[in-house]
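Participant:
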Amino acid sequence: MLIPHPLLGLRDAQEFTYLGDARLIDRPDGMAEGAEAAFAEYVYLRDNPAGVHRELWFHEQGDRSWLIVTRDTVTHEILGAELARNVALAANGGEA
Amino acid sequence: MTRLSGGLIDRSRSLNFTFDGRKLTGHPGDTLASALLANDVRLMGRSFKYHRPRGLIAAGSEEPNALVELRGGARQEPNTRATVAELFDGLDARSQNRIGSLRFDLLAVNDLFSPFFAAGFYYKTFMWPKAFWEKLYEPAIRRAAGLGSLSMQADPDAYDKGFLHCDLLVIGGGAAGLAAAQAAARSGARVILADEDFRLGGRLMAETHLLDDAPATGWVSGVEEELASLPNLRIMRRTTVFGAFDHGIYGAVERVADHLPEPGDKPRQTLWRITAKRAVLAAGAVERHIPFANNDRPGIMLAGAMRAFANRWAVSPAARVAIFTNNDDGHRTAIDLAAKGVDIAGVIDSRDNVTAMGSYPVFAGGVVSDAKGRLGLTQVEVTQNGRSQWIDCGALGVSGGWNPNLHLASHHRGRPVWDEALQSFVPAKDGPPGLIVAGAANGQGSTAAALRSGAEAAVQALGELDITATLPDLPQAEDVVSKPHALWHVPGRGRAWVDFQNDVTVKDIKLAHQENMRPVEHLKRWTTLGMATDQGKTANVTALAIMSELTGKPIPETGTTIFRPPYSGVSLSVLGGGNTAEHFRPRRLTPTHHWAEAQGAVFVEVGPWMRAQYFPRPGETHWRQTVDREVLATREGVGICDVTTLGKVDVQGADAGEFLNRLYCNGMKTLKTGMVRYGLMLREDGIAWDDGTCARLAEDHYVVTTTTAQAGPVYRHMEFARQCLWPEMDVQLISTTDAWAQVSVAGPNARRLLERIMDEGVDISNEAFPFMACKSLTICGGLRARLFRISFSGELAYEVAVPTRYGNALMQRLIETGADLGATPYGTEALGALRIEKGHAAGNELNGQTSPQMLGMDRMVSTKKDSIGAVMSRREGLAADTRRLVGLQPVDSAQPVLAGMHLFTEGAAQNTETDQGWITSACYSPHVGSAIGLGFLARGDERMGEVITGANPLDQQQVALRVVSPHFVDPDGGRLRD
């Protein structure tokens, strides 16, 4: 597989390490009320779609960027890749 | 049989080879198969299950029968198809799957018992008694139903891996492939042309068709010459593209030196990973046969193969041959062989009202219904208008139409589509993106159509890349489409083979139908159809058609078969490439490796690293002697150990403290500059994950360490936290594991030794540099270094870090300077013993199953802040676990303690319900004077002094163990602080 790295262009998937569902970037606040239930869901519950999936890949043999790659799990077509840091910053209301 | 005229062999030279010890000769250009035929050898193997005598079916890589063993010694190579083995001088080939000689195989008795070996026989026959399976049935079946044998020696040859990139990959160098390559290459695009044969031309080499009124070889060599002259095109002969993978990546094996007696300085084979923006699949087609009774007699082969042997290799399997066909293509074989002087006994054509296309007898509306000649065909039975007659012939060519070679097009699960007019499956439109199928592989089998569709495919593919290519002037060629009459098998008594390699007959398919194994997936598994090494290339479609006949449903409704990589067998050696033995993965050496080697150290693999395990001295006869000495030298004088392999991560930025506070379960923000703190990282599910030290070198600068094994994963996790969880923080990370060499200096004399290498004005007295202090400083006259007062051994200890290139010199300097202080190098064994004596957790305790509570570190998990894993570490399930880390000491000091022993209350039954825990680490402790262990024990913290049982049921061992504090050495920590 080839992954279109937003900074480096097409890179072979062998350079990357896979983590899983991109929702892992939405970590609950451990000091909030009801944190244990939120964490139980965060740690153990994942969607496993046959189709479009947003997932985390780490460019370990490269520039060490974490990417969010949008991939069709049925066809392996890659629909896009973003820097996870930019996505996380935008989600936190910061600037990418 | 002598050679026929013509052919593409070099008659000026002869090559000697042997088959089953017989000395034979052939010519350059021959395959083993053609050379054997030229020497009148028709019997080439025994079938898999029934050990029926078998000869060639095909002339190419689809061959199911003629599997042979090549070469001898360590290069012995089983299961090579004789049709793809290029002949070389001195080739030693042997038949396989036989006991006794090929002509009198003792296992042929299996054939007499064939009623017992019908479809599904293993599932039905060898059921009872159960114990017989492993001891009796399986070994017997394996011996009887075998393929070739292995040399059982290491392969002496080198294999390689390579990477290629191109705009267009053309798979197959026949008419379509050559036209595609020519069109593409002229556009300037980067093109790779790969063909599995050693000679380009594909089917053009096997036919007598004219191109522009001249033999096709002329056009082929013209194109070949042009392509060879272009720098943007690479021709790869002897290269099989075996798989289409994601995003335009293709796997290919180049048989670099398979055609040479020995590879010399070349790799034997190379595995290529080809990244192609577009690809044209021009793999041609494979002819199908028509099953009839005893259709596996040696000498019965595909008509197209017979023609290929005659035209390309100038050899006929017999002086008198017959043809059995359901289409016009079969007649071509008769015409071509007749032209070379072979006697044609007749063409048996299942179609009514057909006439001869040359001077040979035609049996219109006839079929071949039986065959004679166990070791070589002698007669076939022709049935016509209800009457049968035997006709003499030494070989029979069978043509049942052609199946497009669409394998790669279905590697992404694209299902082939049935084409009623062609009576064959053609590639699906939803094949791998970027792959266009052309020529016979796409059902465009006439020479003219193949040429045109190949060139058009290339133009279209490059057009999608905005590269303009134009159609080349293509030669005039025949444009006859041969439509087969739907005859899938000849009904009648006797066994008619469908899948030769796995011995599946028409009867087996009928049985599968009766037993309701009708879906094609069930049919395949019940009968083993298509499951042999040839993947049913000559069998699957025929079997499907027979099943369709039985169910009364049309073929497309009966099912389709799709294919998976590899297209043909790929050796494990080439998949491994150079990654064998010590090259299996990168091997990392520590900065002091060469010094340790010179000291005679014994090394051990620790993750990717080679570390010194212990340093034997003259006179020491057992590793324990050495390790005990190293442990005691450290406890009594000073020991020195390379600890570079621990992961080091440099953390800098205004938010570095806050960042680490969230990563470690204990607080790191409050750590004072110039101090070090032990840190425990949890996984988000609350399980202990990794530990190390955190040193604060400046307000905004920390250096943290990880365990050796987790250095990579922890760094990845830290980057995840930085980029994905807390991107707004001002913090930067870099792994500095390789930048700093680090040695541990431990023991009562550690400070005295280190003072000798400190530069002037550096004060490391206990007051100036207390336990857990850290500092950047210079040593040995200006060498920048970092000093950490941390201890894994429980002794007064330091770790000194210097730039990696000085690591070796630092080690030498410490050993030399400290000779009078007893400076002794120690390895990982002593390191382990020292930490077990001290009760420090390491990888065995942090094994991914243990919680901070179990490690006795639950109070470290701060409740005042959020950190990874903190919330989940407090969940009920983990909190309820009472197992705690304890020390264990045998009551009888002569008794052993073994890691992995399970712990039980003394006298209790020993089972999973009564299991109280397990021993994680054990060693002999020279300090205690017996074996000791660390382990997790239920309510361990409340059971100090109790005697329990350590059990190792595998060896019937039972040891009485006393529960003690895990700190066998200096429990108060006084030594650390002196």
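In order, the protein sequence lines correspond to chains A and B.
Offset between the first sequence (1-based) and our numbering: plus 153.
Offset between the second sequence (1-based) and our numbering: plus 7.
Each residue gets a CB set at the ideal place from its N, CA and C atoms; glycine is no exception.
Bear in mind that the values here come from a model prediction, so they are computed numbers and not experimental data.
(1) Give the residues from the segment 246-270 of chain B that approach chain A closer than 9 Å (Cβ to any Cβ), ordered along the chain.
(2) Note the first and the last residue of the continuous alpha helix (DSSP H) segment covering Thr587(B).
(3) Using a Cβ-Cβ distance under 8 Å, would Gly183(A) count as near chain B?
(4) First and last residue of the beta strand (DSSP E) that includes Gly291(B)?
(5) Is the CB of Phe211(A) under 8 Å away from at least one CB in chain B?
(6) For Leu828(B), tell me which candidate among Arg796(B), Arg729(B), Glu836(B) and Leu760(B) has the shortest Cα-Cα distance.
(7) Let me know the secondary structure DSSP gives Ile242(B) once reduced to three states.
(8) Kindly indicate the opening and closing residues of the beta strand (DSSP E) around Thr713(B).
(9) Span of the beta strand (DSSP E) holding Ala92(B)?
(10) Please look up how many angstroms separate the CB atoms of Ser417(B) and Gly450(B), rounded, as I've assumed it's under 8 Å.
(11) Using three-state DSSP, classify Ala249(A) as helix, strand or coil.
(12) Looking only at its own chain, which residues have a Cβ that is under 7 Å from the Cβ of Val513(B), when we skip the five neighbours before and after it?
(13) Go ahead and pull the three-state DSSP assignment for His629(B).
(14) With Arg791(B) as the anchor, note down where its beta strand (DSSP E) starts and where it stops.
(15) Compute the Euclidean distance between the alpha carbons of Gln819(B) and Gly789(B), then round it to the nearest angstrom.
(16) Counting only Cβ pairs nearer than 7 Å, list the residues of chain A close to Met617(B).
(17) With 16 as the cutoff for other CB atoms within 10 Å, does Ser742(B) come out buried or exposed?
(18) Can you have a look at Ala268(B) and say buried or exposed, based on whether 16 or more other CB atoms are within 10 angstroms of its CB?
(19) Would you identify the three-state DSSP class for Arg982(B), choosing helix, strand or coil?
(20) Report the three-state DSSP secondary structure of Leu234(B) (helix, strand or coil).
(21) So what does DSSP say about Val638(B), is it helix, strand or coil?
(22) What residue from Ala221(B), Glu485(B), Asn239(B) and Asp303(B) has the CA that sits closest to Phe507(B)'s CA?
(23) When the Cα of Gly614(B) is compared with those of Pro720(B), Pro561(B), Asp515(B) and Thr568(B), which residue comes out closest?
(24) To the nearest angstrom, how far is it from the Cα of Asp486(B) to the Cα of Ala447(B)?
(25) For Arg285(B) and Ala476(B), I'd like the C-alpha separation in whole angstroms.
(26) Less than 8 Å between CB atoms is the rule here; does Phe727(B) satisfy it with respect to chain A?
(27) How would you label Pro832(B), buried or exposed, when you count the other beta carbons within 10 angstroms and need 16 or more for buried?
(28) State the Cα-Cα distance for the pair Thr32(B) and Arg49(B), rounded to the nearest angstrom.
(29) Would Glu844(B) and Thr641(B) qualify as a contact pair, given that the criterion is a beta-carbon distance under 8 Å?
(30) Looking at chain A, is there any beta carbon in it that lies within less than 8 Å of the beta carbon of Glu735(B)?
(31) Have a look at Ser68(B), Leu968(B) and Gly208(B) and flag the residue whose alpha-carbon is nearest the alpha-carbon of Ile939(B).
(32) What whole-angstrom Cβ distance do Ala901(B) and Val634(B) have, given they're in contact under 8 Å?
(33) Check the Cβ-Cβ distances between Val222(A) and every residue of chain B, and say whether any is below 8 Å.
(34) Just list the residues that DSSP pairs Pro222(B) with in beta bridges.
(35) Tell me the DSSP secondary structure of Cys701(B) in three-state form.
(36) Could you tell me whether the segment 212-221 of chain B touches the segment 397-414 of chain B, where touching means 3 or more Cβ pairs closer than 8 Å?
Facilitator: This is what the structure holds:
(1) So the list reads Phe252, Asp253, His254, Gly255 and Ile256, given in the order they occur along the chain.
(2) Looking at the DSSP string, Thr587(B) is not in any alpha helix (DSSP H), and its letter there is neither H nor E.
(3) yes
(4) It is not in any beta strand (DSSP E) - Gly291(B) carries neither H nor E in the DSSP assignment.
(5) yes
(6) Leu760(B)
(7) strand
(8) His708 to Thr713
(9) That residue, Ala92(B), is in no beta strand (DSSP E); it is neither H nor E in DSSP.
(10) The Cβ separation is near 14 Å, so there is no contact.
(11) Annotation note: pLDDT 49 at Ala249(A) (below 50); position unreliable, no value reported.
(12) Pro298, His496, Ala503, Val505 and Ile553
(13) coil
(14) Leu790 to Phe795
(15) 17 Å
(16) Within chain A, no residue comes near Met617(B); the closest Cβ sits about 22 Å away, beyond 7 Å.
(17) buried
(18) Reading the sequence as shown, one finds Pro at residue 268(B) and not Ala. With fewer than 16 Cβ atoms within 10 Å of its Cβ, Pro268(B) is classed as exposed.
(19) helix
(20) helix
(21) Looking at Val638(B) - three-state DSSP - the assignment turns out to be helix.
(22) Asp303(B)
(23) Checking every option, the nearest Cα to that of Gly614(B) belongs to Pro720(B).
(24) Those two C-alpha atoms are separated by around 12 Å.
(25) 14 Å
(26) When Cβ-Cβ separations below 8 Å define contact, Phe727(B) makes contact with chain A.
(27) buried
(28) 15 Å
(29) no
(30) yes
(31) Nearest of Ser68(B), Leu968(B) and Gly208(B) to Ile939(B), Cα basis: Leu968(B).
(32) About 19 Å separates the two Cβ atoms, so there is no contact after all.
(33) Chain B contact via Cβ: absent.
(34) Leu217(B)
(35) strand
(36) no
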